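Asks: Residue 189 is where the sequence shown starts when you use the working numbering, and the numbers rise one by one after that. We treat Cβ as the ideally placed atom computed from N, Cα and C, and that holds for glycine. This structure is a prediction, so every number in the text was calculated from the model and none was measured.
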Amino acid sequence: MTDYQLPLIYTSVIGSYAWPGWLHTALAAMGRGEYGPEDWKETQDDAVELALRDQEDAGVDIITDGEMRRIGFFTAEFYGHMTGLRELPARRKTGVVGHDQRESYEAAEAVQAPNGLGLVEEYQYLVKRTRQMIKMPIPGPYTLAGRIKPGSVYKDRMEVAYALSEIINREMKALVQAGATFIQVDEPSYAVHAHSPKAFVDLFNATVSGVEAKIGVHLCFGNFAGRPVAKRTYHPLFPFILDMNVSQFALEFANRELSEIDLWKEFPNDKELAAGVIDVKNYYCETPEDVAERVRTALKYIAPEKLSITPDCGFSQTARWAARRKLVAMVEGAKIVRRELTGTA
Ligand SMILES: [Zn+2]
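#1: With DSSP collapsed to three states, give me the class of residue 252.
#2: Could you name the residues of the same chain whose beta carbon sits closer than 8 Å to that of residue 391, not counting the 5 residues immediately before and after it, in chain order?
#3: How many Å lie between residue 528 and residue 195 at the Cα?
#4: May I ask which residues mark the beginning and end of the alpha helix (DSSP H) holding residue 430?
#5: Which residue marks the beginning of the beta strand (DSSP E) containing residue 353, and which one marks its end?
#6: How would you call residue 261, buried or exposed, if buried means at least 16 neighbouring beta carbons within 10 angstroms?
#7: Rounded C-beta distance between residue 462 and residue 438? I'm assuming under 8 Å.
#8: Using the C-alpha atoms, what's the distance from residue 245 back to residue 513?
#9: What's the C-alpha gap between residue 423 and residue 290?
#10: Taking just the CA atoms, how far does residue 475 sit from residue 293?
#11: With DSSP as the reference, label residue 384 as helix, strand or coil.
#12: Indicate whether residue 405 and residue 375 have their beta-carbon atoms separated by less than 9 Å.
#13: Is the closest heavy atom of ligand 2 to the C-beta of residue 287 under 8 Å?
#14: Is residue 411 near ligand 1, judged by its Cβ being under 8 Å from some heavy atom?
#15: Unbroken beta strand (DSSP E) runs of length 3 or more, entirely within the region 216-285: which are they?
#16: When the Cα atoms are used, what is the spatial distance from residue 253 to residue 287?
#17: Determine which residues share a DSSP beta bridge with residue 338 and list them.
#18: Could you spell out where the alpha helix (DSSP H) holding residue 419 opens and where it closes?
#19: Residue 302 by DSSP, collapsed to three states: which one?
#20: Please report the distance separating the alpha-carbon of residue 466 from that of residue 373.
#21: Among 358, 502, 326, which one has its Cα closest to the Cα of residue 411?
#22: Under 8 Å from any heavy atom of ligand 1, does the C-beta of residue 466 make it?
#23: Taking the alpha-carbon of residue 311 as reference, which of 360, 247, 259 has the nearest alpha-carbon?
#24: Would you mind sorting residue 285 into buried or exposed? The rule is 16 or more other CB atoms within 10 Å of its CB.
#25: In whole angstroms, what separates the C-alpha of residue 399 from that of residue 362?
#26: For residue 402, write down the residues that DSSP places opposite it in a beta bridge.
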């Protein structure tokens with residue numbers, strides 16, 4: 189195992205990276221039956237290479253495979269690994285792209301994933317292709333449960349989530365077995381459904397139970413088609429989420445101009461914060477100085493040893509040219525502040 193030396197205020201990404209244009213073209217070709225499985229695998233392998241290159245060129249410290257193999261963040265790819273689901277007809281097919289157009293399912297029998305969710309294969313490819321430290325993002329059970337109606341099998345969304353929690357827990361343990369050391373659970377829904385944070389925390393802790401890795405959690409307000417689906421506030425989740433068995437929170441701040449960064453003062457805690465300092469929904473491309481300014485603001489409330497930076501969310505909904513520029517600005521902005529703190533970047 190490589191011993192990674194991370195700098196102060198290291199940089200990372202949330203998970204998904206911008207698709208190259210030709211990957212959309214290839215997906216459409218596959219939909220028309222023009223690609224075989226081997227063609228598609230080669231295509232996705234090539235897309236991972238480009239995601240790695242963009243992150244490495246920018247100088248990001250902890251990287252992912254850009255989730256190039258996951259069509260739509262957590263949708264078809266993950267549900268396709270599960271049994272016991274019946275797909276429901278789309279309620280809206282025309283008009284502007286929106287959350288209400290995404291696929292949904294109903295539980296026809298107990299939901300299972302006999303061959304896992306495919307993340308071990310993602311990791312095994314990635315680890316051979318980069319020397320950088322790797323983070324493995326995995327969708328959380330409450331988020332995944334959002335597209336599965338309980339049917340007559342489960343009582344409610346929470347019961348569906350607990351069934352998925354077991355599948356995710358197994359996948360995380362398999363990832364650790366394969367060598368993964370840092371896993372981030374993505375639960376946009378936690379921030380969206382803040383009505384019972386205690387119940388979410390219990391579910392989360394069951395999901396990560398016995399997983400021997402650094403665990404982070406990404407809580408955001410939704411990003412599909414660049415549209416959030418929630419009030420943009422974390423405040424109702426505090427102090428409950430401090431009981432989550434995680435060492436790092438990855439939260440979005442850039443698109444709220446650092447609003448609520450003072451939560452770390454109101455609710456002092458030992459968790460690391462991966463602060464979102466790049467607005468993935470904005471085609472204004474931050475300058476390094478913009479990023480430095482945001483980091484300086486964050487440092488008023490959290491110690492530099494506990495702070496790292498990321499974009500607000502994944503880049504899957506951002507054009508690649510903008511994602512590339514934004515990554516570079518993030519890394520250069522971190523260097524400015526690092527120089528101010530330590531005299532060296
Ligand atoms: Zn997000």
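Replies: Per the coordinate set shown:
#1: Locating residue 252 in the sequence shown gives position 64, where the first residue counts as 1. DSSP places residue 252 in the coil class of the three-state scheme, outside both helix and strand.
#2: In the sequence shown, residue 391 corresponds to position 203, counting from 1. 329, 330, 346, 349, 350, 353.
#3: Position 340 of the sequence shown, counting from 1, holds the residue named residue 528. Position 7 of the sequence shown, counting from 1, holds the residue named residue 195. Taking the straight line from one Cα to the other gives about 14 Å.
#4: Translated into positions along the sequence shown, residue 430 becomes position 242. Element bounds for residue 430: n/a, residue is neither H nor E.
#5: The count along the sequence shown starts at 1 and reaches residue 353 at position 165. For residue 353, no beta strand (DSSP E) run applies; the uninterrupted alpha helix (DSSP H) run containing it begins and ends at 345-366, by DSSP.
#6: Within the sequence shown, residue 261 is the residue found at index 73, counting from 1. Unreliable placement is indicated for residue 261, whose pLDDT of 41 sits below 50; the coordinate value is still reported in the next sentence. Sixteen is the threshold: when 16 or more other Cβ atoms of the shown chains lie within 10 Å of the Cβ of residue 261, as they do, the residue is buried.
#7: Locating residue 462 in the sequence shown gives position 274, counting from the first residue. Locating residue 438 in the sequence shown gives position 250, counting from the first residue. With a Cβ gap of about 4 Å, residue 462 and residue 438 count as contacting.
#8: Here residue 513 refers to the residue found at position 325 when the sequence shown is read from its first residue. Here residue 245 refers to the residue found at position 57 when the sequence shown is read from its first residue. Rounded to whole angstroms, residue 513 to residue 245 spans 11 Å at the Cα level.
#9: Here residue 423 refers to the residue found at position 235 when the sequence shown is read from its first residue. Here residue 290 refers to the residue found at position 102 when the sequence shown is read from its first residue. Straight-line spacing of the CA atoms in residue 423 and residue 290 works out to 29 Å.
#10: Here residue 293 refers to the residue found at position 105 when the sequence shown is read from its first residue. Here residue 475 refers to the residue found at position 287 when the sequence shown is read from its first residue. Distance between the alpha carbons of residue 293 and residue 475: 42 Å.
#11: Your numbering for residue 384 matches position 196 in the sequence shown. The answer is coil: DSSP assigns residue 384 none of H, G, I, E or B.
#12: Start at 1 with the first residue of the sequence shown, and residue 405 comes out as number 217. Start at 1 with the first residue of the sequence shown, and residue 375 comes out as number 187. Cβ atoms of residue 405 and residue 375: closer than 9 Å.
#13: With respect to small molecules bound, the structure shown includes ligand 1 and not ligand 2.
#14: Here residue 411 corresponds to residue number 223 of the sequence shown, with the count starting at 1. Yes, the Cβ of residue 411 comes within 8 Å of a heavy atom of ligand 1.
#15: DSSP assignment within the region 216-285 yields the following whole beta strand (DSSP E) runs of 3 residues or more, N-terminal first: 271-276.
#16: As a working note, residue 253 is residue 65 in the sequence shown. As a working note, residue 287 is residue 99 in the sequence shown. One C-alpha to the other measures close to 25 Å.
#17: Numbered from 1 along the sequence shown, position 150 holds the residue referred to as residue 338. For residue 338, no pairing in a beta bridge is given by DSSP.
#18: For the purposes of this step, residue 419 is taken as residue 231 along the sequence shown, with counting starting at 1. Run containing residue 419: none; DSSP gives neither H nor E here.
#19: Locating residue 302 in the sequence shown gives position 114, counting from the first residue. Assignment of residue 302 by DSSP, reduced to helix, strand and coil, places it in the coil class.
#20: Residue numbering aside, residue 466 sits at position 278 when the sequence shown is read from its first letter. Residue numbering aside, residue 373 sits at position 185 when the sequence shown is read from its first letter. It is roughly 20 Å from the alpha-carbon of residue 466 to the alpha-carbon of residue 373.
#21: Here residue 411 refers to the residue found at position 223 of the sequence shown. Of the candidates 358, 502, 326, the one whose C-alpha sits nearest the C-alpha of residue 411 is 502.
#22: Your numbering for residue 466 matches position 278 in the sequence shown. Shortest gap from the CB of residue 466 to any heavy atom of ligand 1: 8 Å or more.
#23: Residue mapping note: residue 311 aligns to position 123 of the sequence shown, counting from 1. It is 360 whose Cα lies nearest to the Cα of residue 311.
#24: Here residue 285 refers to the residue found at position 97 of the sequence shown. Looking at its Cβ environment, which holds fewer than 16 other Cβ atoms inside 10 Å, residue 285 is exposed.
#25: Residue mapping note: residue 399 aligns to position 211 of the sequence shown, counting from 1. Residue mapping note: residue 362 aligns to position 174 of the sequence shown, counting from 1. Going by the C-alpha atoms only, they are around 9 Å apart.
#26: One-based indexing of the sequence shown puts residue 402 at position 214. According to DSSP, residue 402 bridges with 370.
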